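Participant:
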Amino acid sequence: MDFETLIQGGRQTGAHAMAFHVPETWMQGRTTYGGLTSALCLKAAMPTSGGRPIRSAQIAFVGPVSGDVECTATLLREGKNTVFTSVRMMGETGVAAEAIFAFGTHRESRLNFAHLPAPAVSAPEETVSFFGDSPRRPAFTRNFNMRLVQGKPPMSGAAEADMSLWMRHKDGSVAPDALSVLALADAPPPAAMAMLSEPARISSMTWMAEFLTDDIRTEDGWFLARHVAEASKDGYNSQAMTLWNTSGDPVMIGRQTIAVFA
């Protein structure tokens, strides 16, 4: 099932509640892929936004989930310019995710800058596939095209945990909007996995994403992501990410906490 079919196939179950079915093709091991979990929560929250663009998303991946899920949105506060909404995703075994979204209207400001230059890399069409035909790739990754342009792949024993990839939805009809970008941005494996020399189990715990524009656009669906693991201690890894469009304009920044069983 492609992304658009899944996201538009949500069934209204209450005033601010939606039910979805996650197929095996969107699984990451025994749980739903985190980017899709986030996008489903955002889909449920959007009717509370009053048409305001998304500015920030904070998601806690509480438990494993698959199959049928229900997302219930709660409007926390609506001001003149901003809206705060929480979303709880429930699965068959209980709470699967908790999210808080901040929506905000566009305002003119004397402050207008972004010190986030995109790395100089080869174009997507000049870069080979990240996964190729590997049968070991997680099921959800087959919904995306990913191409490694800087850094080392997982389990390569690298000295650094810094990778950059071109990414897009494999379905070329997916529009570059907040939902599709949130679903895409979490697709790469944790950068720290490049420092390992053998497979290890990992689990995303929390993810914070900030949208830097309400005008999301790019060429042919491609976005450039850079993921950098900044610290790893006591079995928990902290990494930063940045997402640019094909013009080099920053679209999103974020942070992620990951449990590493290695």
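Numbering (my numbering), first residue to last: 120 to 381. Glycine included, C-beta positions come from ideal geometry on N, C-alpha and C. Quick caveat: nothing in here was measured; it's all calculated off a predicted structure.
Do you know whose CA, among Phe330, Met327, Thr246, lies nearest Trp341's CA?
Facilitator: Thr246
Participant: Within 10 angstroms of the Cβ of Arg287, are there 16 or more other Cβ atoms? Answer buried if so, exposed if not.
Facilitator: buried
Participant: Per DSSP, what kind of secondary structure is Ala136 in: helix, strand or coil?
Facilitator: strand
Participant: What is the residue span of the alpha helix (DSSP H) that Lys162 lies within?
Facilitator: 153-164
Participant: When you compare the CB positions of Ser205 and Leu195, do they come within less than 7 Å of one another, or not?
Facilitator: yes
Participant: Anyone know if the C-beta pair for Ala359 and Ile173 falls short of 7 Å?
Facilitator: no
Participant: Once you ignore the five residues that flank Ile377 on each side, which residues in its own chain have a CB closer than 6 Å to its CB?
Facilitator: Excluding sequence positions up to five before and after Ile377, its CB lies within less than 6 Å of the CB of Pro309, Ile321, Ser323, Asn356, all in the same chain and listed in chain order.
Participant: Does the structure place the region 163-179 close enough to the region 143-151 that three or more beta carbon pairs sit under 8 Å?
Facilitator: Not touching, per the Cβ criterion.
Participant: Go through its chain and collect everything with a Cβ distance to Asn264's Cβ below 6 Å, but skip five positions before and after it.
Facilitator: These residues qualify, in order along the chain: Arg287, Lys289.
Participant: To which residues of the same chain is Thr212 closer than 8 Å at the C-beta, ignoring the five residues directly before and after it?
Facilitator: Hits under 8 Å: Gly182, Pro183, Val184.
Participant: Along the chain, where does the alpha helix (DSSP H) containing Val300 start, and where does it finish?
Facilitator: 297-304
Participant: If Glu317 sits next to Met371, beta carbons under 8 Å apart, how far is it from one beta carbon to the other, in whole angstroms?
Facilitator: Not confirmed; about 32 Å, so no contact.
Participant: Going by C-alpha to C-alpha distance, which of His225, Glu189, Ser283 sits closest to Asn390?
Facilitator: Since the displayed the chain opens at 120 and closes at 381, residue 390 lies outside it and no answer follows.
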